[in-house]
Every structure is written in C-alpha cells, then in structure tokens.
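With numbering that gives the first Met the number 0 applied, the sequence shown corresponds to residues 0 to 285, in that order. Just so it is clear, CB atoms sit at the ideal spot from N, CA and C, and this is done for glycine as well. A quick note: this is a predicted structure, and the numbers were derived from the prediction, not measured.
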Amino acid sequence: MINTVLDQASGLRKMSQNNNNGVKVIAVTGGKGGVGKTNVSLNTAIALGQQGKRVLVLDADLGLANCDVMLGLRVERNLSHVLSGECELDEILVEGPAGIKIVPATSGSQNMVELSPSEHAGLIRAFSELNTEFDILIVDTAAGISDMVLSFSRAAQDVMVVVCDEPTSITDAYALIKVLSREHGVYKFKIVANMVRSLREGQELFAKLSKVTDRFLDISMELAATIPYDENMRKATRRQKVIVELFPSSPASVAFRALATKAVKWPIPNQPSGHLEFFIEKLVNG
C-alpha cells in the first residue's frame, strides 16, 4: 500500500513537470447505455482536432471498449498490455481522424472492469510517463454508475452528461448526478441533449432534468449542447466513420463543432479540484 501511494505521488510530480500549460480533462458519461455517449465523445474530439487542438481520447469503457471499432481502426495492443508491463502507453496510441490519438481499451474482459489498487497505480504511472503531448483529454466512460465511471468523472475538470428524451435516460442521468454530487463532491455538470428533434425539444429535456435536480440536489447545470437527430449519423456509423468527418455540413456536425468551440473556452483550474486524487488529477497540475 505504501508503494502504491509513493507511485501515485511520483506520477503526480512527473506529470506536473511535463505539462506546464495544463491539460483540459473532460469526462463524457450518461448513466444509461445507448444514449450516444461514444458518438458524442468521438465527434467532439474530432471537431476539436479540426480546430487544431491536440486531443487524446481514453476509451474508459475498459471491459467493452468500442472507440476503435467505431472509427474502423486496427488495434494490435491495448491498455491491458500496458498494465501487464508488456509495453508503454505511447506504444499503444492509435491515430484517428483530424490527428486525434486514442488510448484503446479491451473488449470482453471482466478483469479490466475491476482494477485492483495496484492496477490503478499502474494506470497513473502509465499516464505520468506519457511522452505524447496533448491539449485536451476526453474520457469516454462506461455506462452506469460503477466505481470506474465515478472515478473518471470525479477526477475530470468537466463532466459532460449525455441525455436523451426518454424516461429511463433522464432517470439514470439523475441517479449518476446524484451519486457524484452527494458522495464525490462534483457540483457542476455540462448537459448534452442528444438525438433531439429540435432546439426546443433539447431545452425542454434540459428543463425536465433541471426540475428534478433543482428540487433535490445542490448542483449547477449548463445545457452545453443540443445535438439533433440526424439520419446521417446512422450512415456514418455503418461506414465506421464519424458524422463530422463524413457529413461536415449535416445538422449534427454543425452542433458538434459548436460544442467543441464552447469546450475550448471552459477554464482549466489553477488548483486541483479537491476531488479524490485519481490519475487524471495530475494532468491539471501544470
């Protein structure tokens, strides 16, 4: 246990030295599966890349990873090989559209879902030794409220919650926000209303969620984006592409680029947020 703490402290110091300008860390989550969370993560990342930002995407659905599949990328090694000591983190990065880099995880591995404290420390070491420089880290979390989802979310500077206009999506998003705020000290959330029929429908969806959170939780929420339902999204997915790349003038693409422009302006705090010191925390100690 002492060695684990020392490893974490060492990783924090090294990351602080290597990232003097700080790195913006955004966790994309949603509570419920099937709300389009990975599509939001990848399209936002690529829109940021198109704006000249150096973006790293961590596929943090560690047991059911799919970022590489959605982009049609060939992956030979993944995060499990880093944790086993077979290679360094830099060696597994794969390049996607607009120059973004992706940290691929595994698919169909229960072991990756339940990392031990020493494996958490290994994850911290891997990122502290990363030589690839980047401006923004987007963490595409798994669905639900598992320990890993909560760990990634509470350590990020910004938590982007993807919600659809379905009762189960709203209920699960509320449950996630409730746990993060009451048990983990996260009080600010960026809401993405996804697959809505109009701007008004997105605003009404945000109002539904706000009505519940305002009554029971002491948090602040911002409607970060309304992403319209777009038939071209399905076409892009079938071709293992993202909509901002394949159909740049499509309504959803326009919305994703607007979200990326807004995300760039979200401030990077000068001090750690005070949440649990997890591996992403050291990325903000610039």
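CB-CB under 7 Å to residue i, same chain, minus the five flanking residues each way: which ones, in chain order?
{"i": "residue 148", "result": "28, 140, 141"}
{"i": "residue 259", "result": "43, 46, 47, 50"}
{"i": "residue 17", "result": "With a pLDDT of 44 at residue 17, under the threshold of 50, the modelled position of this residue cannot be trusted, and the question is left open."}
{"i": "residue 242", "result": "42, 229, 231, 232, 235, 249, 251, 252"}
{"i": "residue 212", "result": "173, 176, 218, 220"}
{"i": "residue 207", "result": "169"}
{"i": "residue 209", "result": "220"}
So for residue i, helix, strand or coil by DSSP?
{"i": "residue 188", "result": "strand"}
{"i": "residue 91", "result": "helix"}
{"i": "residue 242", "result": "helix"}
{"i": "residue 63", "result": "strand"}
{"i": "residue 193", "result": "strand"}
{"i": "residue 24", "result": "strand"}
{"i": "residue 207", "result": "helix"}
{"i": "residue 68", "result": "helix"}
{"i": "residue 286", "result": "Past the boundaries of the shown model lies residue 286; the chain is included only from 0 to 285, so the question cannot be answered."}
{"i": "residue 15", "result": "At residue 15, the pLDDT of 39 sits below 50, so the modelled position is not reliable; the number obtained from the coordinates is stated separately. In the structure shown, residue 15 sits in a helix (DSSP, three-state: H, G or I)."}
{"i": "residue 281", "result": "Confidence at residue 281 is low in this model, with a pLDDT of 38, below 50, so its placement is unreliable and the value that follows should be read with caution. Helix."}
{"i": "residue 266", "result": "coil"}
{"i": "residue 247", "result": "coil"}
{"i": "residue 201", "result": "helix"}
{"i": "residue 122", "result": "helix"}
{"i": "residue 212", "result": "helix"}
{"i": "residue 117", "result": "helix"}
Quick one: give me the first and last residue of the beta strand (DSSP E) that residue i is part of.
{"i": "residue 222", "result": "219–227"}
{"i": "residue 58", "result": "54–59"}
{"i": "residue 320", "result": "Only positions 0 to 285 of the chain appear in the structure, and residue 320 is not among them; the question remains open."}
{"i": "residue 140", "result": "135–140"}
{"i": "residue 74", "result": "Here residue 74 belongs to no beta strand (DSSP E), and DSSP marks it neither H nor E."}
{"i": "residue 100", "result": "100–102"}
Is the separation between the beta-carbon of residue i and that of residue j shorter than 8 Å?
{"i": "residue 35", "j": "residue 161", "result": "yes"}
{"i": "residue 170", "j": "residue 198", "result": "no"}
{"i": "residue 229", "j": "residue 257", "result": "no"}
{"i": "residue 246", "j": "residue 231", "result": "yes"}
{"i": "residue 168", "j": "residue 31", "result": "yes"}
{"i": "residue 78", "j": "residue 102", "result": "yes"}
{"i": "residue 227", "j": "residue 262", "result": "no"}
{"i": "residue 319", "j": "residue 186", "result": "One cannot answer for residue 319 here, as it falls past the ends of the chain, which runs 0 to 285."}
{"i": "residue 138", "j": "residue 223", "result": "no"}
{"i": "residue 41", "j": "residue 66", "result": "yes"}
{"i": "residue 221", "j": "residue 189", "result": "yes"}
{"i": "residue 82", "j": "residue 128", "result": "no"}
To which residues of the same chain is residue i closer than 6 Å at the C-beta, ignoring the five residues directly before and after it?
{"i": "residue 55", "result": "100, 133, 136"}
{"i": "residue 201", "result": "192, 195, 225"}
{"i": "residue 175", "result": "30, 144"}
{"i": "residue 23", "result": "135, 267"}
{"i": "residue 96", "result": "45, 244"}
{"i": "residue 265", "result": "157"}
{"i": "residue 57", "result": "102, 138"}
Starting from residue i, follow the alpha helix (DSSP H) in both directions and report where the run begins and ends.
{"i": "residue 251", "result": "250–263"}
{"i": "residue 234", "result": "230–237"}
{"i": "residue 45", "result": "36–49"}
{"i": "residue 176", "result": "166–183"}
{"i": "residue 81", "result": "78–82"}
Taking 8 Å as the limit between beta carbons, can you name the residues of its chain near residue i, skipping five residues before and five after?
{"i": "residue 80", "result": "86, 91"}
Taking 7 Å as the line, does the beta carbon of residue i fall inside it for any heavy atom of the ligand GTP?
{"i": "residue 221", "result": "The ligand GTP is absent from the structure shown, which contains no ligand whatsoever."}
* Is there contact between the region 149–156 and the region 66–73, where contact requires at least three CB pairs shorter than 8 Å? -> no
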